[in-house]
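Residue numbers (my numbering), protein chains in the order written: chain A, 1 to 657; chain B, 658 to 756.
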């Protein structure tokens, strides 16, 4: 019977050259829903504790969503997982585009890369034909050149190419894997892991079809999901302006990370916003990932002036803050150019921007000088400085080589107190969310197994600005008053629900814009689509969310096995120790504050005390030990993770009952 | 004796496109966001420039407008019942989400 699965898992060992397609154990996959979930299971089984993330023991897993390749709205997502080189902990990164669907059309749901090739290679998958090919001529090429070269060599413009650029080859710890030029599996250094395996690219072409088990029922659920997704007005703004639609809004809220998180505002932020890209003529077209109904992805090009010809996808909201405001500039052409460099060198724009702005602040404070930088004047917003540093980082040359390990390592090597403005935790640079004004986000970022970042748990509902978000908060906490971001109350409950839902979303292969950002695709709808597609009947919203929690606990267990404890669940020094100024001198504690709102925090800071209170409640809710953050046996057993509990116990890393 | 005719001045920033258009409005001291918005909608949503936007504000339903008063979303205050004070700044956006 068809089941939405392609039916095979492809193991490729680059050390031995062995290529082994294996039948997929669908029941085991569905226990973890798929993609991110099953990847986490494979990672747990295949990567021994203590493995060097850049050594041959690490594996690189490409896992498609269980609904990827079907017509389920926004189901084009693929999860790339490995042990992360930036953090030494669990890493998953989700990517859109069409690559994942193509892998399924070729007949494989999962691709597991093991070992290390003796010399540069690329992998070619054409349905049943899988080859490890020489990549000597591709090595050294940027993402655009390499992708084009593969398309030409195969004479097939429709081949889907996932590849690394110079940054991945040079093992920059925030190197990305780029899928067909525009879609990035970016965070945490997956590209460095691919580079460490001497694997330049994975090119895929498939001619098969994905069929679902109960087509009529599936189609009904899909139509409902599409209709529900269009209910939220932001579906429209998202299509018109993409993620950078919200730049001016967030700046108005005083929460737009600027000047390396020293400020929540920058003058004329509108000049790096989605609407400006449209009005100034930079936006050329809009694009969607496989089966997307929002098409938030845009394509921009500069037609005249100093950066004529620069082009690329986005720039997204995150990039506008990381390479723009964070570096002290609202020069949108510069951001488009810097974004292009990151995308062709294969680097995460968030982390790349973060190291540059950390260096700028260090330069301003005299901690590093132009002697260190080889003459580059790292003043805020200096275009030459930003662009030349990005190039140096990707090539691992000059001062850039000192930044290529990310901001934690850079600050450690420079010292002189520069750790205080290294905006990272667990070794990952924080994404561009001002967690000092949104405490659900603060908690979610602190406990995120991959580091402080929004793409694990989006708690937009806590802002209370949308009816769907308020209804959700009411459902979770029993009272919509808790849809208020500047309180510690009920954050643990709100975060855990979103963790479960986000994990399930990733695992079935949908985009979080359909679920936790827009509320249209509820867990109930997700469960119905999954049941109809796979022909299983055990999915309803509760079991789906529980499976999400199983994924989250397995990810947590991976980190615990690596030695992580409660002390790792924290936020960047600056955010824990420096107060963010309020958005206006006019306080909201006058008559404008509602009398019955939850107790607000006194100051915009993620202090130890605030964080500790939320962490206590969060661990308690999860059934994890408060002192160590480790899971209890009972918690893991209840989730069907008996063997995980047993292994942690053998390692002496299970919480005491 | 208190001056009953005293008025308060509120700055409104309308984000129909990339850049805000600022207007200043005088209101009675007991005015709330609701009163301000009915005044704004009546006369100011329809300037020719704003109508050219891909998202003309007059076409956006009330619940799909995001109103930010002095840097706080009004839903975190008292919604449309939020009282206003002299010198307040209200920013008006169509709803955006995602990042």
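Each residue gets a CB set at the ideal place from its N, CA and C atoms; glycine is no exception.
In this structure residue 242 (chain A) is in contact with residue 297 (chain A), their Cβ atoms being roughly 7 angstroms apart against a cut-off of 8 angstroms. DSSP places residue 489 (chain A) outside any beta strand (DSSP E), giving it a letter other than H or E. Only 232, 233, 234, 236, 237, 238, 240, 241 from the stretch 208-241 of chain A bring a Cβ to less than 8 angstroms from some Cβ of chain B. Closest in alpha carbon position to residue 483 (chain A), among B:723, B:665, B:733, is B:733. Annotation: the continuous beta strand (DSSP E) that includes residue 179 (chain A) extends over 177-179.
The beta carbon of residue 683 (chain B) is closer than 6 angstroms to those of 664, 666 in its chain, skipping five residues each way along the sequence. CA-CA distance, residue 520 (chain A) to residue 179 (chain A), rounds to 27 angstroms. Here residue 523 (chain A) is buried: its Cβ has 16 or more other Cβ atoms, across all protein chains shown, within 10 Å. Among the residues of chain B, none has a CB under 7 angstroms from the CB of residue 604 (chain A); the nearest is roughly 11 angstroms distant.
Residue 747 (chain B) is outside the set of residues whose beta carbon lies under 7 angstroms from a beta carbon in chain A. DSSP, reduced to helix, strand and coil, places residue 116 (chain A) outside both helices and strands of the structure shown, so it counts as coil. Annotation for residue 160 (chain A): the continuous beta strand (DSSP E) segment containing it runs 160-163.
Under the DSSP assignment, residue 79 (chain A) falls in the beta strand (DSSP E) whose first and last residues are 78-83. The alpha-carbon separation between residue 405 (chain A) and residue 358 (chain A) amounts to approximately 13 angstroms. Distance between residue 167 (chain A) and residue 139 (chain A), taken at the CA atoms: about 11 angstroms.
For residue 123 (chain A), the enclosing beta strand (DSSP E) begins and ends at 121-126. Assignment of beta-bridge partners to residue 600 (chain A) by DSSP yields A:487. Scanning A:36, A:89, A:432, A:116 for the CA closest to the CA of residue 561 (chain A) turns up A:89. Under DSSP, the beta-bridge partners assigned to residue 22 (chain A) are A:9.
Residue 174 (chain A) is classed as buried because its beta carbon has at least 16 other beta carbons within 10 Å across all chains shown.
Boundaries of the beta strand (DSSP E) around residue 93 (chain A): 90-95. Across the set A:33, A:363, A:395, the C-alpha of A:363 shows the shortest separation from the C-alpha of residue 414 (chain A).
With 16 or more other Cβ atoms inside 10 Å of its own Cβ, residue 499 (chain A) counts as buried.
Taking 7 angstroms as the CB threshold, residue 588 (chain A) lines the interface with chain B. By the Cβ test, the stretch 35-55 of chain A is in contact with the stretch 78-86 of chain A, since at least three Cβ pairs between them sit closer than 8 angstroms. With the rule of 3 Cβ pairs closer than 8 angstroms, the stretch 107-117 of chain A counts as touching the stretch 11-26 of chain A. With respect to chain A, the C-beta atom of residue 723 (chain B) has a partner C-beta closer than 7 angstroms.
Counting only residues of its own chain and dropping the five nearest sequence neighbours on each side, residue 344 (chain A) has a CB closer than 7 angstroms to the CB of 142, 143, 144, 165. Shortest Cα-Cα distance from residue 321 (chain A) to any of A:255, A:283, A:224 involves A:255. The alpha carbon of residue 42 (chain A) has as its nearest neighbour, out of A:568, A:575, A:554, A:572, the alpha carbon of A:554. Here the C-alpha atom of residue 229 (chain A) lies approximately 10 angstroms from the C-alpha atom of residue 74 (chain A).
Interface annotation, residue 734 (chain B): in contact with chain A, CB-CB separation under 7 angstroms.
With the rule of 3 Cβ pairs closer than 8 angstroms, the stretch 307-322 of chain A does not count as touching the stretch 737-752 of chain B.
In this structure, the beta-carbon distance from residue 568 (chain A) to residue 397 (chain A) does not fall below 7 angstroms.
For residue 444 (chain A), the enclosing alpha helix (DSSP H) covers residues 439-447. Between the stretch 144-161 of chain A and the stretch 191-203 of chain A, the count of Cβ pairs shorter than 8 angstroms is three or higher; the stretches touch.
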